[in-house]
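In the UniProt record's numbering, the protein residues as written are 1 to 269.
Beta carbons are placed, not taken as given, at the ideal position from N, Cα and C, and that holds for glycine.
Below: the structure, in structure tokens.
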Amino acid sequence: MEDYAVIFDHVSKIYTLKSNDKKHKGKQFYALKDVSFKIPVGEVVGILGTNGSGKSTMSVILSGISEPEEGKITVNGEQALIAINTGLNQQLTGLENIQLKGALLGLKKKQVQKIVDDVIEFAELGDFLYQPVKKYSSGMKSRLGFSINLALDPDIIVVDEALSVGDKGFAKKCLDKMTELKKSGKTIIFISHSLPQVLSFCDTAIWLEGGILKEYGEIKTVASHYDEYVKELNALSKKEQKKLLNKKFEQRIIKEKKKESFLNRLFER
Ligand SMILES: Nc1ncnc2c1ncn2[C@@H]1O[C@H](COP(=O)(O)OP(=O)(O)OP(=O)(O)O)[C@@H](O)[C@H]1O
């Protein structure tokens with residue numbers, strides 16, 4: 001088991017629909033349904049899937065922010081999520097955010113100072129480090145979040161679209177850093193809408209569709225199947241696409257339990 005960084009064993013995540021449509025509002029549905037896989041230590045895995053397929057849900061579960069309703073997750077090592085929205089406190093300055101994170105993790109003063117030094121060097125925020133985060137651009141927030149989480153030196157790194165914001169120069173710097181971490185044997189789970197980025201960076205891929213795991217395997221194979229699927233989907237008219245997606249979504253809604261019939265109860269006895 002130690003050979004695996006992450007094990008998902010029949011994991012399901014259930015959300016309540018917030019939709020305005022009266023038919024479904026308040027009903028529960030599967031954001032992830034019965035997902036099982038094992039990620040070996042040191043593997044770099046891409047998560048692929050169209051909009052709403054469950055990628056971000058997977059990232060919050062993988063990083064321990066949210067718990068699944070069904071199934072079991074085993075994580076061997078410290079994990080960290082690097083995302084656009086990294087849960088930074090908007091009222092606090094960049095520096096105070098680092099200190100807060102350090103305090104929450106129970107780090108010593110020296111360890112916190114090391115993180116501050118690393119962030120100053122990597123995030124290139126200059127004097128903004130002493131400004132409230134609410135004054136930051138989205139690129140700056142992502143730089144701060146990325147740098148803090150990297151400075152914590154986690155064993156398992158979950159990257160959720162964070163590399164797609166900010167300027168090209170910083171995105172390249174992040175990608176270089178990720179490549180360095182990949183070489184050092186870290187387990188990386190990479191969520192991105194960009195198929196070329198996933199293809200060039202990952203060893204394997206998990207393809208999610210409608211909350212279900214469609215495929216997990218060698219990157220080139222999964223990426224080509226996914227690409228074929230997206231092309232087929234895009235070839236449909238907008239009306240057909242909508243109809244298909246609605247139909248697929250209906251299948252994720254949890255139907256209310258049917259009332260146990262008198263006959264069923266009779267036969268169970
Ligand atoms: N907190 C929440 N409460 C209710 N529904 C949610 C919540 N978070 C996500 N969802 C819904 O769960 C489904 C899966 O969403 P998720 O964000 O995981 O998909 P995704 O693959 O990351 O999509 P995208 O590529 O558009 O970011 C979607 O239908 C989404 O609307």
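Can you give me the start and stop residues for the alpha helix (DSSP H) that residue i sits inside?
i           : result
residue 280 : Limits of the chain in this structure are 1 at one end and 269 at the other, which puts residue 280 out of reach.
Gly-169     : 168-183
Leu-244     : 238-252
Asp-117     : 109-123
Could you pull out every residue in the same chain whose Cβ sits closer than 8 Å to the Cβ of residue i, ignoring the five residues on either side in sequence?
i       : result
Ile-254 : Ile-14, Lys-27, Gln-28, Phe-29 and Tyr-30
Lys-25  : Leu-17, Lys-18 and Ser-19
Val-133 : Leu-88, Asn-89, Gln-90, Gln-91, Leu-92, Thr-93, Gly-94, Asn-97, Lys-141 and Leu-144
Asp-3   : Pro-40 and Val-41
Arg-269 : At Arg-269, the pLDDT of 48 sits below 50, so the modelled position is not reliable; the number obtained from the coordinates is stated separately. Answer for Arg-269: no residue qualifies.
Put residue i into one of helix, strand or coil per three-state DSSP.
i       : result
His-225 : helix
Ile-148 : helix
Ser-194 : coil
Ile-47  : strand
Gln-28  : strand
Tyr-130 : helix
Gly-210 : coil
Leu-199 : helix
Ile-39  : strand
Gly-77  : coil
Ser-142 : helix
Ile-189 : strand
Lys-33  : strand
Glu-67  : coil
Lys-23  : coil
Lys-72  : strand
For residue i, which residues of its own chain have a beta-carbon under 7 Å away from its beta-carbon, when the five flanking residues on both sides are left out?
i       : result
Ser-147 : Asp-118, Val-119, Phe-122 and Ala-123
Leu-199 : Ile-219 and Ala-223
Which residues in the same chain have their Cβ closer than 6 Å to the Cβ of residue i, if we skip the five residues on either side of it in sequence?
i      : result
Lys-33 : Ser-12, Gly-211 and Ile-212
Lys-72 : Asp-9
Val-75 : Val-6
Gly-52 : none
Gly-46 : Phe-190, Val-198, Cys-202 and Ala-205
When you compare only the Cα positions, how much space is there between residue i and residue j?
i           : j       : result
Glu-209     : Lys-239 : 20 Å
Glu-180     : Leu-95  : 26 Å
Gly-49      : Leu-175 : 21 Å
Asn-89      : Leu-236 : 43 Å
Gln-111     : Ile-98  : 11 Å
Phe-201     : Asp-127 : 33 Å
Lys-243     : Val-35  : 25 Å
Phe-249     : Gln-241 : 12 Å
Ile-188     : Asn-149 : 13 Å
residue 281 : Lys-38  : Shown here, the chain extends from 1 to 269; a query on residue 281 therefore has no answer.
Lys-231     : Asp-167 : 29 Å
Ala-80      : Leu-107 : 15 Å
Lys-101     : Lys-173 : 24 Å
Val-116     : Glu-67  : 30 Å
residue 318 : Ser-192 : Residue 318 is absent from the model: the chain starts at 1 and stops at 269.
Val-158     : Asp-227 : 23 Å
What are the start and end residues of the beta strand (DSSP E) that includes residue i?
i       : result
Ser-59  : First-last for Ser-59: 55-62, but that is the alpha helix (DSSP H), not the beta strand (DSSP E).
Lys-13  : 4-16
Ile-156 : 156-160
At a threshold of 6 Å, does residue i count as lining ligand 2 (C-beta to nearest heavy atom)?
i      : result
Asn-51 : With respect to ligand 2, the structure offers nothing, as its ligand set consists of ligand 1.
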